[in-house]
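A short write-up of the structure that comes next.
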Amino acid sequence: MEKLFSFCKPVKRFMANLNVSKIQMATMKIFTLSFISFLLSTGIYAQPEKAIDVLHYRFQIELSDASDNISGRAELKIRFLKPTNQITLDLGSLTDGKGMTVLSITENDKVIDAIHEEGHLKLQLSENKNIDDTASFVINYKGIPVDGLIISKNKFGHRTFFADNWPNRGHNWLPCHDDPADKASVEFIVTAPQHYQVVANGIQVEETNVTSDMKLTHWKEDTPISTKIMAIGVADFAVNLAGFVDCIPVYSWVYPEERNDGFFDYAQATEILPFFISRVGPYAYKKLANVESKTIFGGLENANTIFYSEKSITGTRTNEDVIAHEIAHQWFGNMATEKSFAHIWLSEGFATYFSLLYFENKYGLDTVKQLLQKNREKTIAYSRESNHPVVDDAETDYMQLLNANSYEKGGWILHMLRRQLGDTLFWKAIRQYYATYAGKNADTDDLRKIVEKVSGRNFQTFFKQWLYEAGQPELSISWKNGNDKKLSVTVTQKQQTPFIFPLEIGLKTKSGKINIEKLDITRKEQTFSLPAREKIAGIIADPNTNLLFEIKFNSGK
Ligand SMILES: [Zn+2]
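Sequential numbering from 40 applies to the sequence shown in the numbering used here.
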């Protein structure tokens with residue numbers, strides 16, 4: 040995902056309201072009271088455990104122009120991960136007239152009892168399940184989505200419907216297991232007024248005018264994906280096939296009013312996609328659609344159906360970085376996915392850095408150095424307002440994780456890792472990480488183990504200091520020309536916990552030459568004696584932009 044603005048947080052939308060309203064109590068009447076008291080006595084109201092693995096979702100959604108009410112039929116094929124006779128799904132419940140109302144639930148065609156409240160749907164199963172048993176559930180429901188499916192007007196005043204599920208907002212309109220660690224294949228069968236076109240994950244398998252004014256569109260995604268990147272977009276679109284990359288069709292879906300500019304801008308995807316395929320591994324999906332949308336983010340990496348903000352089209356290709364970022368997510372975040380949002384940098388830090396790697400390949404290293412310097416400034420500024428580490432288990436509002444730690448610092452950590460490994464081993468580690476975790480979930484330690492295996496070196500300290508501790512080195516450098524053709528350099532770390540890192544310094548001679556020396560910084564304060572044939576006029580700390588650090592003082596004579 041791309042933040043809408045560099046320094047601001049995305050517009051917050053309301054999460055499922057946790058209060059049980061009178062209306063919601065009324066809807067609960069469809070369920071038996073004895074089951075409610077049973078649940079209360081067993082304490083099932085606690086947070087749901089990972090008892091299930093959803094294998095497949097089939098969502099049939101009906102949309103209309105007359106109201107924002109949607110009508111849904113969700114079919115879920117579920118595998119059980121532990122013996123149980125009850126499970127919990129996520130589904131936004133009714134509050135103040137908005138939210139979802141469940142009409143009926145069946146398990147393998149048998150009606151079952153359930154409680155729907157506080158954004159959860161607790162199902163009493165027809166019989167005890169054992170590990171690896173499977174069952175199919177059908178849930179009929181309706182309501183006005185509070186969030187997750189944005190029903191509104193686009194910038195040209197036309198009605199549109201856009202899913203915006205990240206991070207766990209999908210359950211506001213879809214009964215699901217709203218957890219990035221549970222991936223499933225998915226089908227969307229959308230019935231909407233005929234003037235709309237519908238885009239969704241996967242490939243389109245049907246489009247039929249079912250009545251004189253309604254059209255059914257069926258999209259099918261066979262590759263398992265997390266709910267955070269499941270999406271439909273329903274609007275009046277102009278659609279263009281921008282080209283094929285390795286037989287993958289790349290489409291642009293934009294508002295008809297700006298089809299020329301939109302097709303021109305989004306066609307950059309055909310240039311970006313081959314870079315990631317060649318560097319990381321094959322593209323996992325059957326198409327790539329770049330879609331103009333009402334997402335609250337600058338861009339949202341929905342699997343093979345990337346949504347961009349309405350501001351993304353300029354006709355001058357000014358958002359190449361956003362397109363590269365979202366395409367990088369198709370590998371990192373979508374296929375190799377973080378185990379939990381605490382490890383979100385495995386999505387956002389990777390997408391940030393891989394966008395830079397694409398820029399380095401296209402525009403050269405000097406362009407990237409400037410971008411890295413900007414990212415370093417953002418990281419330092421953020422560290423002044425937050426002393427959280429990148430891997431942040433404490434944050435429960437996932438929107439707050441869209442910060443400079445996850446993006447800019449995460450990207451910087453990959454840059455430093457690349458410099459420590461060298462390009463050959465870095466790319467070997469990246470490809471190995473992707474090959475191991477594509478289709479699965481990983482955490483930060485899983486990445487460390489791959490890096491150590493590929494390099495044969497210990498990276499415990501590197502991962503610990505950069506990812507599990509807050510801040511970065513704050514350096515004071517003082518130097519003195521000696522009479523014995525030696526230069527004395529003292530490096531002091533001003534922050535509380537010293538870091539261990541290589542520091543490059545550029546020694547500027549009076550004749551204007553710059554010689555680079557590498558110092559191994561391992562302690563709070565160290566003095567180095569360096570050979571200097573000429574007197575030194577100044578020292579440039581990190582002249583090649585390879586270290587995340589802050590310079591507090593740099594002086595000498
Ligand atoms: Zn992103």
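All residues carry an ideal CB built from backbone N, CA and C; glycine is no exception.
Note that the structure is predicted; figures quoted are calculated from it, not measured.
Could you pull out every residue in the same chain whose Cβ sits closer than 7 Å to the Cβ of residue i, ignoring the five residues on either side in sequence?
i: SER594; result: SER517
i: PRO122; result: ASN167, LYS168, ASN169 and ILE170
i: THR309; result: ALA281, GLY282, VAL284 and VAL289
i: PHE17; result: Absent from the structure is residue 17, since the part of the chain shown begins at 40 and ends at 596.
i: LYS149; result: SER165
i: GLN233; result: ASN248, ASP252, MET253 and LYS254
Is the CB-CB distance between residue i and residue j below 9 Å?
i: GLU260; j: ASN343; result: yes
i: GLN125; j: LYS161; result: yes
i: VAL284; j: LEU327; result: yes
i: ILE560; j: PHE538; result: yes
i: ILE452; j: LEU569; result: no
i: ILE100; j: ILE228; result: yes
i: ILE268; j: TYR322; result: no
i: GLY209; j: ALA202; result: yes
i: TYR96; j: LEU213; result: yes
i: THR548; j: ALA576; result: yes
i: ILE91; j: LEU120; result: yes
i: LEU128; j: HIS197; result: no
i: LEU385; j: LEU395; result: no
i: GLU573; j: LYS596; result: no
i: ASN147; j: SER175; result: yes
i: PHE501; j: ASP484; result: no
i: TYR258; j: VAL278; result: With the sequence shown as reference, residue 258 is identified as Trp, and Tyr is not the correct amino acid for it. No, the pair does not count as a contact, with Cβ atoms beyond the cut-off.
i: THR262; j: GLY478; result: yes
i: THR19; j: ILE117; result: Because residue 19 is not part of the residues shown, which for the chain are 40 to 596, the question remains open.
i: ALA505; j: MET455; result: Residue identity check: residue 505 is Trp in the sequence provided, not Ala. Yes; because the gap between Cβ atoms is below 9 Å, this pair is in contact.
What does a CB cutoff of less than 6 Å around residue i pick up in its chain, not counting 5 residues either side in sequence?
i: GLY82; result: Confidence in GLY82 is poor, its pLDDT being 35 and thus under 50, which makes the residue's placement unreliable; the coordinate value appears in the next sentence. Within the same chain, GLY82 has no close Cβ partners at all.
i: VAL141; result: HIS155 and TYR180
i: ASN444; result: VAL429
i: ILE590; result: LEU514 and ALA580
i: LYS557; result: PRO541 and GLU543
i: PHE46; result: With a pLDDT of 35 at PHE46, under the threshold of 50, the modelled position of this residue cannot be trusted, and the question is left open.
i: GLN532; result: PRO512 and LYS563
i: TYR84; result: Unreliable positioning characterises TYR84 in this predicted model, as indicated by a pLDDT of 36, which lies under 50. A coordinate reading is not provided.
i: GLU434; result: LEU440
i: ASN426; result: ALA509
i: GLY338; result: GLU41, TYR347, VAL361 and GLU365
i: TYR305; result: SER291 and ASN329
i: PHE498; result: ARG487, VAL490 and GLU491
i: PHE389; result: PHE371
i: SER422; result: GLY510
i: LYS519; result: SER527 and GLY595
i: ILE144; result: ILE151, ALA153 and ILE178
i: ILE264; result: LYS222 and ALA342
i: ALA113; result: PHE98, ILE178 and PRO214
Ignore the nearest five residues each way along the sequence and tell me which others in residue i's own chain have a CB closer than 8 Å to its CB.
i: ALA474; result: GLY320
i: SER60; result: The predicted position of SER60 is uncertain, since its pLDDT is 34 and thus under 50; a value taken from the coordinates is nonetheless stated next. Once the five neighbours on either side are set aside, the close Cβ partners of SER60 are LEU133, THR134 and ASP135.
i: ILE489; result: ALA468, GLN471, TYR472 and THR475
i: ALA231; result: GLU101, LEU102, SER103, PHE200, VAL237, MET253, LYS254, THR256 and VAL273
i: THR71; result: Annotation note: pLDDT 33 at THR71 (below 50); position unreliable, coordinate value reported separately. The answer, listed in chain order, is ASP152.
i: SER494; result: LEU460, LEU464 and ALA468
i: ILE316; result: VAL284, ASP285 and TYR322
i: ALA367; result: PHE315, PHE389, ALA390, PHE393, SER394 and TYR397
Rounded to whole angstroms, how far is the Cβ of residue i from the Cβ of residue j, which I believe are closer than 8 Å?
i: TYR324; j: VAL430; result: Between VAL430 and TYR324 the Cβ distance is about 28 Å, and since that is not below 8 Å, they are no contact.
i: GLU331; j: ILE345; result: Contact flag wrong, Cβ pair sits at about 10 Å.
i: THR334; j: HIS364; result: That belief does not hold up - the Cβ atoms of THR334 and HIS364 are roughly 13 Å apart, past 8 Å.
i: VAL185; j: GLY111; result: Actually they are not in contact, since the Cβ atoms of VAL185 and GLY111 sit about 14 Å apart, beyond 8 Å.
i: PHE303; j: TYR397; result: The pair is not a contact, with the Cβ atoms about 19 Å apart (cut-off 8 Å).
i: GLN412; j: THR250; result: GLN412 to THR250, Cβ: 59 Å. No contact.
Kindly examine ligand 2 and report whether one of its heavy atoms sits closer than 8 Å to the Cβ of residue i.
i: ALA375; result: Looking at this structure, you won't find ligand 2 anywhere; what it does contain is ligand 1.
Touching by the beta-carbon criterion (3+ pairs, under 8 Å), the region 236 to 243 and the region 260 to 277: Because the criterion of three Cβ pairs below 8 Å is met, the region 236 to 243 and the region 260 to 277 touch.
Touching by the beta-carbon criterion (3+ pairs, under 8 Å), the region 462 to 472 and the region 396 to 415: Touching, no.
The region 288 to 305 contacting the region 371 to 385, beta-carbon criterion three pairs below 8 Å: They do not touch, by the three-pair rule.
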